[in-house]
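Written out below as C-alpha coordinates is the structure these notes cover.
Residue numbers (the working numbering): 241 to 446.
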(Lines of atoms letter the chains of each structure in order from A; the text may use other names.)
(Lines give C-alpha, C1' and ligand atoms only; values in the text may rest on other atoms or scores of the structure.)
Protein backbone atom coordinates (compact mmCIF):
# COMPACT_ATOMS: atom_id res chain seq x y z
CA UNK A 241 0.00 0.00 0.00
CA UNK A 242 1.41 3.41 -1.00
CA UNK A 243 0.94 6.73 0.81
CA UNK A 244 -2.30 8.34 -0.30
CA UNK A 245 -4.12 11.64 -0.30
CA UNK A 246 -7.84 11.03 0.14
CA UNK A 247 -10.81 13.40 0.03
CA UNK A 248 -12.10 14.54 3.41
CA UNK A 249 -15.81 13.80 3.48
CA UNK A 250 -18.40 12.04 5.62
CA UNK A 251 -17.04 8.70 4.42
CA UNK A 252 -13.57 9.51 5.75
CA UNK A 253 -14.64 11.11 9.03
CA UNK A 254 -14.12 7.90 11.02
CA UNK A 255 -10.38 7.83 10.22
CA UNK A 256 -9.47 11.47 10.90
CA UNK A 257 -8.06 12.54 14.29
CA UNK A 258 -10.74 12.47 16.96
CA UNK A 259 -10.53 16.21 17.63
CA UNK A 260 -11.58 16.88 14.02
CA UNK A 261 -14.66 14.65 13.98
CA UNK A 262 -17.00 16.84 15.99
CA UNK A 263 -15.29 20.23 15.73
CA UNK A 264 -17.60 22.91 14.33
CA UNK A 265 -15.57 26.01 15.22
CA UNK A 266 -15.30 27.18 11.60
CA UNK A 267 -18.83 26.04 10.81
CA UNK A 268 -20.39 28.13 13.59
CA UNK A 269 -21.29 31.81 13.68
CA UNK A 270 -21.11 33.95 16.80
CA UNK A 271 -22.13 31.85 19.80
CA UNK A 272 -24.39 29.57 17.81
CA UNK A 273 -23.03 26.13 16.97
CA UNK A 274 -24.23 24.05 14.07
CA UNK A 275 -24.75 20.34 13.59
CA UNK A 276 -21.65 18.76 12.04
CA UNK A 277 -23.73 16.15 10.26
CA UNK A 278 -26.05 18.76 8.73
CA UNK A 279 -23.09 20.93 7.73
CA UNK A 280 -21.30 18.01 6.03
CA UNK A 281 -24.41 17.13 4.05
CA UNK A 282 -24.85 20.71 2.85
CA UNK A 283 -21.14 21.15 2.11
CA UNK A 284 -20.98 18.01 -0.02
CA UNK A 285 -24.14 19.02 -1.88
CA UNK A 286 -22.76 22.41 -2.91
CA UNK A 287 -18.99 21.75 -3.02
CA UNK A 288 -18.05 18.11 -2.62
CA UNK A 289 -15.22 16.89 -0.37
CA UNK A 290 -14.16 19.69 1.98
CA UNK A 291 -10.51 18.79 2.52
CA UNK A 292 -7.82 16.14 2.30
CA UNK A 293 -6.54 13.29 4.49
CA UNK A 294 -2.92 12.05 4.24
CA UNK A 295 -2.30 8.36 5.05
CA UNK A 296 1.04 6.55 5.09
CA UNK A 297 1.80 3.19 3.47
CA UNK A 298 0.43 1.40 6.55
CA UNK A 299 -2.86 3.27 6.34
CA UNK A 300 -2.07 5.43 9.38
CA UNK A 301 -3.41 9.00 9.22
CA UNK A 302 -0.53 11.48 9.41
CA UNK A 303 -2.48 14.62 8.78
CA UNK A 304 -5.58 16.30 7.42
CA UNK A 305 -6.60 19.70 6.08
CA UNK A 306 -9.98 21.39 5.80
CA UNK A 307 -10.74 23.88 3.04
CA UNK A 308 -13.45 25.16 0.74
CA UNK A 309 -15.25 28.36 -0.23
CA UNK A 310 -15.49 30.85 2.60
CA UNK A 311 -19.29 30.65 2.49
CA UNK A 312 -19.02 27.17 4.02
CA UNK A 313 -17.25 28.57 7.09
CA UNK A 314 -19.35 31.27 8.82
CA UNK A 315 -16.65 31.82 11.46
CA UNK A 316 -14.52 33.50 8.78
CA UNK A 317 -16.99 36.42 8.80
CA UNK A 318 -16.42 36.98 12.52
CA UNK A 319 -12.63 37.11 12.53
CA UNK A 320 -10.61 40.33 12.43
CA UNK A 321 -9.05 40.97 8.99
CA UNK A 322 -11.93 39.13 7.31
CA UNK A 323 -13.97 38.39 5.40
CA UNK A 324 -12.08 36.19 2.92
CA UNK A 325 -12.25 37.02 -0.77
CA UNK A 326 -15.02 35.52 -2.89
CA UNK A 327 -12.53 34.42 -5.57
CA UNK A 328 -10.39 32.38 -3.14
CA UNK A 329 -10.54 28.95 -1.52
CA UNK A 330 -10.15 29.25 2.25
CA UNK A 331 -7.80 26.88 4.09
CA UNK A 332 -9.26 26.82 7.59
CA UNK A 333 -7.21 24.34 9.59
CA UNK A 334 -4.79 21.46 9.50
CA UNK A 335 -3.79 18.53 11.69
CA UNK A 336 -0.25 17.14 11.60
CA UNK A 337 0.21 14.12 13.83
CA UNK A 338 3.99 13.66 13.78
CA UNK A 339 6.76 16.31 13.91
CA UNK A 340 9.09 13.95 12.04
CA UNK A 341 6.78 14.05 8.99
CA UNK A 342 6.86 17.70 7.80
CA UNK A 343 6.33 16.68 4.18
CA UNK A 344 2.73 15.89 5.17
CA UNK A 345 2.01 19.61 5.50
CA UNK A 346 3.62 20.23 2.13
CA UNK A 347 1.50 17.53 0.51
CA UNK A 348 -1.70 18.88 2.05
CA UNK A 349 -1.03 22.41 0.83
CA UNK A 350 -0.08 21.18 -2.63
CA UNK A 351 -3.26 19.12 -2.75
CA UNK A 352 -5.29 22.23 -1.88
CA UNK A 353 -3.49 24.16 -4.63
CA UNK A 354 -4.21 21.38 -7.12
CA UNK A 355 -7.90 21.30 -6.30
CA UNK A 356 -8.19 25.09 -6.47
CA UNK A 357 -6.58 25.11 -9.91
CA UNK A 358 -8.85 22.32 -11.14
CA UNK A 359 -11.82 24.41 -10.05
CA UNK A 360 -10.27 27.50 -11.69
CA UNK A 361 -10.07 29.32 -8.38
CA UNK A 362 -7.64 32.23 -8.38
CA UNK A 363 -6.10 31.99 -4.91
CA UNK A 364 -5.84 30.30 -1.54
CA UNK A 365 -6.42 32.32 1.61
CA UNK A 366 -5.88 31.51 5.28
CA UNK A 367 -6.00 33.36 8.58
CA UNK A 368 -2.80 33.85 10.54
CA UNK A 369 -2.17 34.95 14.11
CA UNK A 370 1.02 36.61 15.31
CA UNK A 371 1.64 35.11 18.76
CA UNK A 372 4.07 37.36 20.60
CA UNK A 373 4.81 34.54 23.05
CA UNK A 374 5.54 32.02 20.29
CA UNK A 375 8.92 30.34 20.82
CA UNK A 376 9.05 28.88 17.30
CA UNK A 377 8.90 25.33 18.61
CA UNK A 378 7.69 22.34 16.65
CA UNK A 379 4.72 22.01 19.02
CA UNK A 380 2.81 24.76 17.24
CA UNK A 381 2.46 22.51 14.19
CA UNK A 382 1.27 19.43 15.99
CA UNK A 383 -2.33 18.53 16.71
CA UNK A 384 -5.21 20.79 15.74
CA UNK A 385 -4.36 24.19 14.24
CA UNK A 386 -7.25 26.46 13.29
CA UNK A 387 -5.14 29.56 12.56
CA UNK A 388 -1.62 29.46 11.11
CA UNK A 389 1.65 31.20 12.07
CA UNK A 390 2.09 34.06 9.57
CA UNK A 391 5.79 33.36 9.03
CA UNK A 392 4.99 29.81 7.91
CA UNK A 393 2.46 31.05 5.37
CA UNK A 394 4.88 33.73 4.19
CA UNK A 395 7.55 31.15 3.48
CA UNK A 396 5.00 29.20 1.46
CA UNK A 397 4.31 32.20 -0.77
CA UNK A 398 1.36 33.81 1.02
CA UNK A 399 1.25 37.58 1.56
CA UNK A 400 -0.79 39.62 4.02
CA UNK A 401 -3.97 40.89 2.41
CA UNK A 402 -5.29 42.63 5.54
CA UNK A 403 -4.13 42.92 9.15
CA UNK A 404 -6.11 43.78 12.27
CA UNK A 405 -4.08 43.74 15.48
CA UNK A 406 -2.42 40.29 15.61
CA UNK A 407 -4.69 38.67 13.02
CA UNK A 408 -3.89 38.60 9.31
CA UNK A 409 -5.78 37.36 6.29
CA UNK A 410 -3.10 35.95 4.00
CA UNK A 411 -3.36 35.07 0.31
CA UNK A 412 -1.49 32.90 -2.18
CA UNK A 413 -2.09 33.87 -5.81
CA UNK A 414 -2.28 30.80 -8.04
CA UNK A 415 -2.03 32.36 -11.49
CA UNK A 416 1.77 32.42 -11.46
CA UNK A 417 2.07 28.83 -10.23
CA UNK A 418 0.73 27.11 -13.32
CA UNK A 419 4.01 26.91 -15.20
CA UNK A 420 6.26 25.93 -12.32
CA UNK A 421 4.72 23.21 -10.11
CA UNK A 422 8.10 21.62 -9.33
CA UNK A 423 9.58 24.91 -8.20
CA UNK A 424 6.57 25.56 -6.01
CA UNK A 425 7.01 22.15 -4.39
CA UNK A 426 10.66 22.85 -3.59
CA UNK A 427 9.73 26.20 -2.09
CA UNK A 428 7.21 24.51 0.18
CA UNK A 429 9.83 21.99 1.27
CA UNK A 430 12.31 24.75 2.13
CA UNK A 431 9.70 26.65 4.12
CA UNK A 432 8.54 23.63 6.07
CA UNK A 433 12.09 22.38 6.69
CA UNK A 434 12.92 25.79 8.16
CA UNK A 435 10.15 25.56 10.76
CA UNK A 436 10.92 21.99 11.74
CA UNK A 437 14.70 22.51 11.88
CA UNK A 438 16.81 20.99 13.34
CA UNK A 439 14.65 17.86 13.08
CA UNK A 440 15.66 15.61 10.16
CA UNK A 441 13.34 15.74 7.17
CA UNK A 442 12.73 12.42 5.38
CA UNK A 443 12.43 12.58 1.62
CA UNK A 444 8.83 12.87 0.38
CA UNK A 445 7.40 9.58 -0.79
CA UNK A 446 5.98 9.23 -4.30
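C-beta: ideal position from N, C-alpha, C; glycine also.
All of these numbers come straight from a predicted model, not from anything done at the bench.
Whole-angstrom C-beta distance between residue 388 and residue 366, which should lie under 8 Å: 5 Å
Nearest-angstrom Cα separation, counted from residue 251 out to residue 334: Cα-Cα distance, rounded: 18 Å.
Contact set for residue 348: own chain, Cβ-Cβ below 7 Å, skip 5 residues either direction: The beta carbon of residue 348 is closer than 7 Å to those of 292, 294, 303, 305, 334 in its chain, skipping five residues each way along the sequence.
Through-space distance from residue 396 to residue 276, alpha-carbon basis: 31 Å
Where residue 399 falls, given that 16 or more other Cβ within 10 Å makes a residue buried: exposed
Reference residue 249; option with closest CA among 285, 243, 270: 285
Per DSSP, the bridge partner or partners of residue 333: 306
Residue 328 and residue 317 closer than 9 Å at C-beta: no
Within 9 Å, strictly: CB atoms of residue 322 and residue 409: yes
Between the CA atoms of residue 269 and residue 263 - distance to the nearest angstrom: Straight-line measurement puts the Cα of residue 269 at about 13 Å from the Cα of residue 263.
Outcome for residue 340 when other beta-carbon atoms lying within 10 angstroms are tallied against a minimum of 16: exposed
Minimum C-alpha distance to residue 273 - residue among 313, 288, 297, 255: Measuring from the Cα of residue 273, the nearest candidate turns out to be 313.
Among 296, 331, 320, the one whose alpha carbon lies nearest that of residue 407: 320
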